[in-house]
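Undergrad: The structure is given below, and queries will be raised subsequently.
In my numbering, the protein residues as written are 9 to 234.
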């Protein structure tokens with residue numbers, strides 16, 4: 009599947025005031041996409057997260073978050089290997105590996121089967137002077153150049169719960185276009201829940217432009233806040 013059409017060079021992470029930044033090849037330290045989204049998160053979303061932590065308890069919230077992060081790491085590894093080799097490796101006997109492997113199988117079957125090309129995985133991207141980050145996958149999806157994002161979830165998501173995912177897709181599309189003079193205006197979220205329900209969102213056309221405008225508003229807000 010992997011077709012290396014572009015020269016993706018590594019960029020180095022660094023923490024500034026506890027927030028993730030990247031050092032670009034030009035020598036600039038720019039915030040990560042996730043840092044911008046976190047710092048400009050709407051107040052109602054902050055309150056909702058705080059209310060959830062209060063409802064389930066700090067210890068339980070931490071356990072859920074840690075397990076989800078571990079599951080996500082395993083899932084991404086399976087899918088990254090698949091994009092490179094065209095095959096999913098055997099999961100072994102570890103029950104957590106088996107769970108994430110089955111989730112990866114569903115994403116491959118229902119989502120990545122529609123990817124005709126993979127140009128890179130864990131692709132480092134930056135928009136000069138503004139932001140940087142690493143996206144899961146860049147390639148061709150249903151005949152269109154696209155940013156593809158792999159997600160795990162504890163339970164199926166509603167569209168209005170994942171708007172930050174759409175902003176991430178726009179951020180990375182803009183960065184890729186800026187770096188390589190491409191015209192990516194399509195993003196795909198490929199998600200599987202831990203109980204094996206697959207979901208997919210395709211961001212294109214008016215919806216892409218809508219979230220692209222919001223992304224640039226959030227970038228402006230980040231720098232205005234200082």
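Built from N, CA and C at the ideal position, the CB exists for glycine as well.
Computed from a predicted model, the values in this text were never measured in an experiment.
What residue ranges within the segment 132-203 form continuous beta strand (DSSP E) runs of no fewer than 3 residues, ordered along the chain?
TA: Fully enclosed beta strand (DSSP E) runs of 3 or longer: 139-149, 152-161 and 195-201.
Undergrad: Consider the Cβ of residue 121: report whether some Cβ of chain D lies at a distance smaller than 9 Å.
TA: Looking for chain D here will not work: only one protein chain is present.
Undergrad: Taking one C-beta from the segment 55-68 and one from the segment 137-157 each time, how about it: are there three or more such pairs within less than 8 Å?
TA: These segments do not touch.
Undergrad: Which of the three DSSP states, helix, strand or coil, is assigned to residue 102?
TA: In the chain shown, counting from the first residue as 1, residue 102 sits at position 94. Residue 102: coil per DSSP, three-state reduction.
Undergrad: Rounded to a whole number of angstroms, what is the C-alpha to C-alpha distance between residue 219 and residue 171?
TA: The sequence position of residue 219 within the chain shown is 211, counting from 1. The sequence position of residue 171 within the chain shown is 163, counting from 1. Between residue 219 and residue 171, the C-alpha separation is close to 8 Å.
Undergrad: If we ignore side chains and look at the alpha-carbon of each, how far apart do residue 187 and residue 10 end up?
TA: Start at 1 with the first residue of the chain shown, and residue 187 comes out as number 179. Start at 1 with the first residue of the chain shown, and residue 10 comes out as number 2. If you take the alpha carbons of residue 187 and residue 10, they lie about 20 Å apart.
Undergrad: Helix, strand or coil for residue 96, going by three-state DSSP, please let me know.
TA: As a working note, residue 96 is residue 88 in the chain shown. Looking at residue 96 - three-state DSSP - the assignment turns out to be coil, as it is neither helix nor strand.
Undergrad: Quick one: give me the first and last residue of the alpha helix (DSSP H) that residue 233 is part of.
TA: Within the chain shown, numbered from 1, the residue matching residue 233 stands at position 225. Element bounds for residue 233: 213-233.
Undergrad: For residue 122, which of 161, 151 and 37 has the nearest alpha-carbon?
TA: Translated into the one-based positions of the chain shown, residue 122 becomes position 114. For residue 122, the nearest C-alpha among the options comes from 151.
Undergrad: If residue 168 and residue 198 are in contact, beta carbons under 8 Å, what's the gap, nearest whole angstrom?
TA: Taking the first residue of the chain shown as 1, we reach residue 168 at position 160. Taking the first residue of the chain shown as 1, we reach residue 198 at position 190. Not quite, the Cβ-Cβ distance comes to about 19 Å (not below 8 Å), so this is no contact.
Undergrad: Identify the residues that DSSP records as bridge partners of residue 126: which are they?
TA: On the chain shown, residue 126 is found 118 positions in, with the first residue counted as 1. Answer is 10 and 147, bridged to residue 126.
Undergrad: Alpha carbon to alpha carbon, what distance is there between residue 228 and residue 22?
TA: Translated into positions along the chain shown, residue 22 becomes position 14. Translated into positions along the chain shown, residue 228 becomes position 220. Approximately 22 Å between the Cα atoms of the pair.
Undergrad: Taking the C-alpha atoms as reference points, what is the distance between residue 129 and residue 119?
TA: Taking the first residue of the chain shown as 1, we reach residue 129 at position 121. Taking the first residue of the chain shown as 1, we reach residue 119 at position 111. Cα-Cα distance, rounded: 15 Å.
Undergrad: In the structure shown, what three-state DSSP assignment does residue 206 receive?
TA: In the chain shown, residue 206 corresponds to position 198, counting from 1. Note: residue 206 maps to strand in three-state DSSP.
Undergrad: Ordered along the chain, which non-local residues of its own chain (more than five positions away) have a Cβ less than 7 Å from that of residue 176?
TA: For the purposes of this step, residue 176 is identified with residue 168 of the chain shown, where counting begins at 1. Excluding residues within five positions, the ones whose Cβ falls inside 7 Å are 41 and 157.
Undergrad: With a threshold of 16 other CB atoms inside 10 Å of the CB of residue 60, please say whether the residue is buried or exposed.
TA: The count along the chain shown starts at 1 and reaches residue 60 at position 52. Classification of residue 60: exposed, given that the 10 Å Cβ count is below 16.
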